[in-house]
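Report on the structure given below.
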Amino acid sequence: MAKKKKTSPNQIAYNRQARHNYEILETFEAGLSLRGSEVKSLREGHVSFKDGYVDVRGGEAWLKGVHIAPYENAAGPEGFGGHDPERPRRLLLHSHEIDELEAKVSQKGLTVIPLKFYFARGKIKLEIGLGRGLKHHDQRQQLKDRAIKREMERDLR
1 MAKKKKTSPN
11 QIAYNRQARH
21 NYEILETFEA
31 GLSLRGSEVK
41 SLREGHVSFK
51 DGYVDVRGGE
61 AWLKGVHIAP
71 YENAAGPEGF
81 GGHDPERPRR
91 LLLHSHEIDE
101 LEAKVSQKGL
111 TVIPLKFYFA
121 RGKIKLEIGL
131 GRGLKHHDQR
141 QQLKDRAIKR
151 EMERDLR
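Residue numbers for the sequence shown follow the UniProt record's numbering, so the first one is 1 and each next one is one higher.
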C-alpha cells in the first residue's frame, strides 16, 4: 500500500490533476475576495478544483470553475450568510503580477490554473500556476519515467 504524503497543517486543498495535465512554468501567491460562508466551508476542506481556471482580463484576475460547497450552518442558499458555490472569485494580486500574467496568457498555449489553497498568517491564499497543457503522449512518457524510477529505487533497496 502506498504511503500517504504528509501535507502541511496550513494546506487546505491541493489540485492533484494540475501537475498531471500541465507543465507548470511559474507560480504565484494570490489572496482571494471571499464571503464568510466560503471561508468556513474552506476551513472544512469542501472545495473541488475540477474545471477550475483563472481568467485574466482588463487588469483583474478571477478564479472561475472552482466549486466551494455551501456551508451547512449558513442562513439560506444565497441569502444572508449563504453563497453561490460556482461564483467567480476575485484574486488579489499586485498590478505588475496581473500585467505579467496577462502578457504571458496572450501567448499561445499558456493558461493559469489553481494549484492549492492554504493558510498564510491567518488568511486564505491560493497558489496559482502558469502552465502549458501536456499532450497525451507527454503524459504517457511521464508515467513511463516514473515507473522506471520506481523500479530503480526498488532494486537499490
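Where is the CB? At the ideal position from N, CA and C, for every residue including glycine. These numbers were taken from a predicted model, which means no experiment stands behind them.
| Query | Result |
| --- | --- |
| Quick one: Cα of residue 31 to Cα of residue 126, how far? | 6 Å |
| Among residues of its own chain, excluding the 5 on either side of residue 94, which ones have a beta-carbon nearer than 7 Å to its beta-carbon? | none |
| Would you say residue 70 and residue 52 are within 9 Å of each other, going by their C-beta atoms? | no |
| Could you please give me the residues that DSSP links to residue 11 through a beta bridge? | 118 |
| Please name the residue, chosen from 105, 73, 107, 66, that lies closest to residue 88 on a Cα-to-Cα basis. | 66 |
| Whether or not the stretch 135 to 150 and the stretch 43 to 60 are in contact is what I'm after, with contact meaning three or more pairs of Cβ atoms, one per stretch, closer than 8 Å; do they touch? | no |
| Identify every run of the beta strand (DSSP E) within the stretch 37 to 97, keeping only runs that are complete inside it and at least 3 residues long; order them along the chain. | 53 to 57, 60 to 64, 89 to 92 |
| Who are the Cβ neighbours of residue 92 in its own chain at under 7 Å, not counting the five residues just before and after it? | 30, 31, 32, 33 |
| Taking the alpha-carbon of residue 17 as reference, which of 151, 96, 116, 100 has the nearest alpha-carbon? | 116 |
| What is the DSSP secondary structure of residue 19, reduced to helix, strand or coil? | helix |
| Given a threshold of 16 other Cβ atoms within 10 Å of its Cβ, counted over all protein chains shown, does residue 148 qualify as buried or as exposed? | exposed |
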